[in-house]
Structures are given as structure tokens and as C-alpha cells.
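Mapping of the sequence shown onto the numbering used here: residues 22 to 361, in sequence order.
Ideal placement from N, C-alpha and C gives every residue a C-beta, glycine not left out.
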Amino acid sequence: TSQPFSRSLYNFSVFIILKTIFKNMAGSIEDNAALYKKKTYTYVPPAPPTDLIESTSYTLDFTARKFIHIGIDPFSSFKIVVHILTSSRYVHITPEFLKKIFSYMGHILSFILDTPQKYKRVIFYEDEILKLSSMVYSGENVLVIEAKNRDGCRVLLNRADLIRLQYLECSIVEILVRKEVFTAPLVIKQYEEIAVYLDKKCSQNKSPPKTVDEMVIFIKNIQDDQVVKSVPNFTNQIQMCAAEQLAESLLHQRAGNSHEYSNETMVISPMSPPTPMSPPTPMSTPPPTSPPPSFTRQSLSRAVDENDGPLDFNRRSLSKTCNFDSAVSEMYFVPKRKLF
22 TSQPFSRSLY
32 NFSVFIILKT
42 IFKNMAGSIE
52 DNAALYKKKT
62 YTYVPPAPPT
72 DLIESTSYTL
82 DFTARKFIHI
92 GIDPFSSFKI
102 VVHILTSSRY
112 VHITPEFLKK
122 IFSYMGHILS
132 FILDTPQKYK
142 RVIFYEDEIL
152 KLSSMVYSGE
162 NVLVIEAKNR
172 DGCRVLLNRA
182 DLIRLQYLEC
192 SIVEILVRKE
202 VFTAPLVIKQ
212 YEEIAVYLDK
222 KCSQNKSPPK
232 TVDEMVIFIK
242 NIQDDQVVKS
252 VPNFTNQIQM
262 CAAEQLAESL
272 LHQRAGNSHE
282 YSNETMVISP
292 MSPPTPMSPP
302 TPMSTPPPTS
312 PPPSFTRQSL
322 SRAVDENDGP
332 LDFNRRSLSK
342 TCNFDSAVSE
352 MYFVPKRKLF
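In C-alpha cells form, the structure reads like this:
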């Protein structure tokens with residue numbers, strides 16, 4: 022009787038030991054899996070996009086929250102920029118890069134409509150800042166637009182998004198021309214008028230702002246409808262979106278003129294960032310037939326890419342054109358493309 026009892030006790034001891042070992046192994050596996058997931062799939066959201074002046078929005082897919090915003094970016098020397106937004110990410114591209122996408126649209130769609138092949142990636146185009154490629158996501162081919170100089174700035178566009186983008190091509194090109202030819206120069210002109218007004222207000226103040234934060238508060242608290250008299254008036258948008266640029270320009274300008282304030286107000290153009298060693302450029306006596314030296318923009322002939330249409334369109338100038346419709350017809354010709 023003692024022998025069966027000893028054997029039962031032995032078996033029970035072995036069972037307890039094995040159970041403890043397997044339990045520890047399972048615990049370590051679960052811990053390692055949790056640690057692996059934590060290290061690999063931690064989502065780091067990118068910095069939010071900047072607010073754009075006179076922004077125009079297009080919807081690619083409302084359900085998936087995919088939109089395109091086109092506007093003037095005060096943090097990019099008041100240039101026209103394009104933001105492609107999704108629910109969690111975005112990418113900041115130039116109009117030239119968007120035109121590259123349009124020019125490659127036939128090749129891109131032919132690949133996107135093809136049978137998905139795992140681990141196959143195609144790079145359609147890339148430069149120093151942006152990259153245009155493809156990948157397989159959720160069982161379908163998608164286009165990847167990503168920034169190489171900003172972490173987390175990447176968007177995925179599927180077949181429906183690309184077809185919608187191609188459908189909006191003519192309207193988007195028209196908006197880009199309108200903002201480049203008419204809106205951007207007017208915004209910069211009003212920016213300089215606001216800078217002149219704010220400088221006079223600061224000189225009349227007994228305790229003017231001395232730091233960037235104080236100047237930003239001072240700028241946003243200005244409420245005067247007579248600062249800019251031209252129409253359309255972008256004063257409120259400039260105060261909201263370009264307050265930091267105005268504050269830095271005014272502080273630099275006042276530091277250079279602190280020894281003596283003259284009646285001729287100096288303005289630092291947003292197109293050329295101020296340098297500490299160079300004095301501001303006077304705007305009181307500009308040349309009668311040419312823009313101020315600091316106001317330099319890319320020529321319209323250079324802004325037109327050869328992919329926009331026949332080459333003879335690139336040699337035409339819009340400086341003598343007063344009608345917007347004829348300007349667009351001269352500058353951009355977007356042929357309709359067939360999907361198949």
C-alpha cells in the first residue's frame with residue numbers, strides 16, 4: 022500500500038512542477054509579446070499642419086476623412102502650399118509636386134488597378150523632400166505620399182481617392198493659378214500695410230511690446246477696419262495666421278531703428294527673412310515701374326511645368342492679361358485622361 026501511495030505522490034509533485042514551469046513560460050511569452058507590441062506599434066502623431074491664409078478645401082473621401090487644403094503658408098515665405106489631410110496624418114507638398122502627381126496619374130492608376138502583390142513597392146518619383154511610391158495595404162494597392170524631412174507626415178490614397186483627385190484636377194489647377202496670380206501678391210501687400218500700421222501704433226505706445234509673445238498679443242488685439250482699405254481684405258486672417266512673422270519683423274525693425282525714429286517707416290518683406298546685420302529696406306520711394314527689391318516671387322513662366330500642356334503655353338506672360346479666365350486658358354491646359 023505504501024508503494025502506490027509513493028508513486029501517486031511522485032506523480033502529483035511532477036504535475037505541480039510542470040504546471041509551474043508552463044505557467045511561468047506562458048507569463049514570459051505574454052510579457053514579451055506585450056513589450057514587443059508596445060515598442061513596435063506606438064503611434065507618434067506628427068506636428069499639426071500650419072493654418073493657411075485664404076484656404077480652399079476639397080473632399081477626397083468624407084467617410085475616411087481625406088481632404089485637400091490649398092492656401093498661402095506664412096511659415097513658407099507666403100508661398101502657395103498644398104496639405105493632404107487624413108484623420109490622423111497629413112503631408113505638406115508644393116504645387117509643383119502635385120503637378121507631378123497629375124502628370125504620372127496614368128501610370129499610377131495602371132499600377133493601382135493591377136493585382137496586389139505582397140512586398141512589391143514601386144517608387145514613381147522622389148526628390149530631397151518628398152517621395153511618391155506604392156505599397157499594399159488592406160489587400161489593395163495604394164499610393165504613398167510621404168515627407169522625407171518630417172516624421173509621421175505620410176498619407177495613403179487608394180484607387181477611389183486617386184480617381185476623385187483626377188476628377189478635381191482642372192478645378193485644383195484653376196485655384197492654384199488664381200492664388201498665385203492674384204491672391205498671394207495681395208496678401209503680401211496687405212501684410213506690409215499692416216506692418217506699417219503696427220509700427221506706428223508701437224511708437225505711440227508708452228510701453229511697447231519687447232518680446233515676441235508680447236508682440237503677438239499686441240497684434241491680435243488690434244481691431245481697426247481701416248488698416249487695409251483694399252478688397253478683399255485679409256487683415257483678420259493675417260493677424261491670426263501670420264502673427265509670429267509680424268512680431269519678429271517688427272521687433273527686428275524697431276531694434277534697428279531704436280536710436281532714432283523717422284517719419285519714413287521701414288518694412289521688412291515677408292518674402293525675404295530679415296538678417297541681423299542688414300538694415301531694413303525703405304519702402305517710401307519704390308521704383309515706379311518695378312516691385313520693391315525685397316518682393317521677389319517666382320516668375321509665372323517658370324512656375325508653369327511642361328506637363329501642364331503644350332510647350333508654347335510656357336512662353337506666354339500673364340502680366341498684360343486682366344481677365345482671369347483667359348489667364349488660366351493661356352497658362353494651363355489640362356487634357357482629359359482616359360483611365361483605360
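DSSP beta-bridge partners of residue i
{"i": "residue 236", "result": "Looking at the DSSP assignment, residue 236 forms no beta bridge with any residue, so it has no partner."}
{"i": "residue 77", "result": "91"}
{"i": "residue 113", "result": "104"}
{"i": "residue 158", "result": "161"}
{"i": "residue 168", "result": "151"}
{"i": "residue 82", "result": "87"}
Residue i, DSSP secondary structure in three states
{"i": "residue 205", "result": "helix"}
{"i": "residue 264", "result": "helix"}
{"i": "residue 217", "result": "helix"}
{"i": "residue 200", "result": "helix"}
{"i": "residue 272", "result": "helix"}
{"i": "residue 254", "result": "coil"}
{"i": "residue 144", "result": "strand"}
{"i": "residue 241", "result": "helix"}
{"i": "residue 222", "result": "helix"}
{"i": "residue 363", "result": "Outside the shown range of the chain, which is 22 to 361, sits residue 363, and nothing can be said about it."}
{"i": "residue 194", "result": "helix"}
{"i": "residue 39", "result": "helix"}
{"i": "residue 151", "result": "strand"}
{"i": "residue 177", "result": "strand"}
{"i": "residue 281", "result": "Low local confidence applies: a pLDDT of 43 at residue 281 is under 50, so the model's placement there is unreliable, and no value is given."}
{"i": "residue 99", "result": "coil"}
{"i": "residue 118", "result": "helix"}
{"i": "residue 138", "result": "coil"}
{"i": "residue 309", "result": "Unreliable positioning characterises residue 309 in this predicted model, as indicated by a pLDDT of 46, which lies under 50. The coordinate reading is nonetheless provided below. DSSP places residue 309 in coil when its eight states are reduced to three."}
Whether residue i touches residue j by CB criterion (9 Å)
{"i": "residue 194", "j": "residue 178", "result": "no"}
{"i": "residue 151", "j": "residue 112", "result": "yes"}
{"i": "residue 243", "j": "residue 272", "result": "no"}
{"i": "residue 96", "j": "residue 209", "result": "no"}
{"i": "residue 200", "j": "residue 91", "result": "yes"}
{"i": "residue 175", "j": "residue 184", "result": "no"}
{"i": "residue 240", "j": "residue 207", "result": "no"}
{"i": "residue 146", "j": "residue 169", "result": "no"}
{"i": "residue 225", "j": "residue 254", "result": "no"}
{"i": "residue 148", "j": "residue 118", "result": "yes"}
{"i": "residue 70", "j": "residue 173", "result": "no"}
{"i": "residue 79", "j": "residue 192", "result": "yes"}
{"i": "residue 161", "j": "residue 180", "result": "yes"}
{"i": "residue 102", "j": "residue 89", "result": "no"}
{"i": "residue 252", "j": "residue 215", "result": "no"}
{"i": "residue 275", "j": "residue 223", "result": "yes"}
Delimiting residues of the alpha helix (DSSP H) encompassing residue i
{"i": "residue 19", "result": "Since the first residue of the chain shown is 22 and the last is 361, residue 19 is not available in this structure."}
{"i": "residue 228", "result": "First-last for residue 228: undefined, no H or E at that position."}
{"i": "residue 132", "result": "126-133"}
Closer than 8 Å: residue i CB and nearest the ligand COA heavy atom
{"i": "residue 218", "result": "Although the ligand COA was asked about, the structure shown includes no ligands whatsoever."}
Should the stretch 64-76 be regarded as contacting the stretch 260-277, the criterion being three or more beta carbon pairs within less than 8 Å? yes
Any contact of the stretch 233-253 with the stretch 173-188, i.e. 3+ C-beta pairs under 8 Å? no
Sufficient close CB pairs (3 or more, under 8 Å) joining the stretch 78-90 to the stretch 123-139: no
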